[in-house]
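Here the sequence shown is numbered in my numbering, starting from -5 and rising by one per residue.
Just so you know, even glycine gets a beta-carbon here, dropped at the ideal spot from N, CA and C.
Just below is one structure, and these are the notes that go with it.
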Amino acid sequence: MKREIDWKEISDGKIYGLNDMVKADCGDCKGCFACCQGMGQSVILDPLDCFRLTENLHCTLEELLADKLELNVVDGIVLPNLKMGGEGEKCGFLNQEGRCGIHSFRPGICRLFPLGRIYDEKGFQYFLQVHECRRENRSKVKVRKWIDTPDVKRHEKFVSDWHFFLKRLEQKMEEDGDQALANKVSMYVLKQFYLTPYDRDQDFFDQFGKRLEASSFL
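Here is the structure:
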């Protein structure tokens, strides 16, 4: 989701790499779950997020869409996001104690917070959102450790490839201005990258790469 704002206005003005130290560690949150409620449709899920959720919860994406997730238009493309609901508009994966029930396989945006990504033509780097987290006196932690992502370099390539793929589709649909085409593209993206199951016995990134290559005609 594009944010029409200068990243320097919401950050400490610094850019971070995986091995940099950043003041992001909230001390295990300890009773705070402010970032897990009232987030609207902003916690958008990429194909890896949905793969991890369905694999670890032993369910289908359709089952999650009936309860914990929802679909919304993001920059012209229909994509899934975490659904906020109930009193306080909380994430459906919070438990009774206000703790994340999917922490070990939580979505990428949740792993990142309160960091954000800033993209250029080569990929992306990280920045610290200074007004988003309510926790005061956060301590420093290495970016790589904070985002806690297996195969982090392959994951970064996946994130970048997915971002630029969606950006290309968005630009194409803006130029065409054809709503019927936009609907067809959205349905294709949902089926190709989300609804068609990935083989749990094969490498996810390899499978995603093949699906991305097969979608180059768009």
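Contacts around Val137, its chain only, beta-carbon distance under 6 Å, and the 5 residues preceding and following it disregarded: Spatial neighbours of Val137 in its own chain (CB-CB distance under 6 Å, excluding positions within 5 residues in sequence) are listed in chain order as Tyr10, Leu12, Asp14, Val16 and Tyr120.
CB contact flag (Trp156, Asp40, <8 Å): yes
Status (buried if at least 16 other CB within 10 Å, exposed otherwise) for Asp43: Classification of Asp43: buried, given that the 10 Å Cβ count is 16 or more.
Whole-angstrom distance between Gln35 and Leu212, CA atom to CA atom: 26 Å
Contact belief for Gly95 with Asn89 at Cβ below 8 Å, rounded distance in angstroms: 5 Å
Chain-order list of residues whose beta-carbon lies under 6 Å from that of Ala28 (same chain, five-residue window excluded): Answer for Ala28: Arg128, listed in chain order.
Spatial neighbours of Glu56 in its chain, beta-carbon cut-off 8 Å, leaving aside the 5 residues before and after: Leu189
Beta strand (DSSP E) runs wholly inside the segment 57 to 128, at least 3 long, in chain order: 63 to 68, 71 to 76, 109 to 114 and 117 to 122
Distance between beta carbons of Gln123 and Met78, contact taken as under 8 Å: About 19 Å separates the two Cβ atoms, so there is no contact after all.
Leu63 beta carbon less than 8 Å from that of Leu76: yes
Within 8 Å, strictly: CB atoms of Gly86 and Asp114: No, Cβ-Cβ distance for Gly86 and Asp114 is not below 8 Å.
Among Ser209, Lys116, Gln196 and Arg105, the one whose alpha carbon lies nearest that of Leu163: Ser209
From Ser180, Ile103, Asn131 and Glu49, residue whose alpha carbon lies closest to that of Met33: Per the Cα distances, Ile103.
Burial state of Pro191 (16 or more Cβ within 10 Å): Under this definition Pro191 is an exposed residue.
Selection from Asp6, Lys204 and Lys185 that minimises the alpha carbon distance to Ile71: The shortest C-alpha separation from Ile71 is found at Lys185.
Check whether Met167 and Val179 have beta carbons under 8 Å apart: yes
Ser5 - partner residues in DSSP beta bridges: Answer by DSSP bridge pairing, in chain order: Gln123.
Local conformation of Lys186 per DSSP, three classes: Reading off the sequence, residue 186 comes out as Gln, not Lys. Gln186: helix per DSSP, three-state reduction.
Local conformation of Ser210 per DSSP, three classes: If DSSP states are grouped into helix, strand and coil, Ser210 belongs with coil.
Residues of its chain near Phe99, where Cβ-Cβ distance is below 6 Å and the 5 sequence neighbours each way are ignored: Arg46 and Asn50, listed in sequence order.
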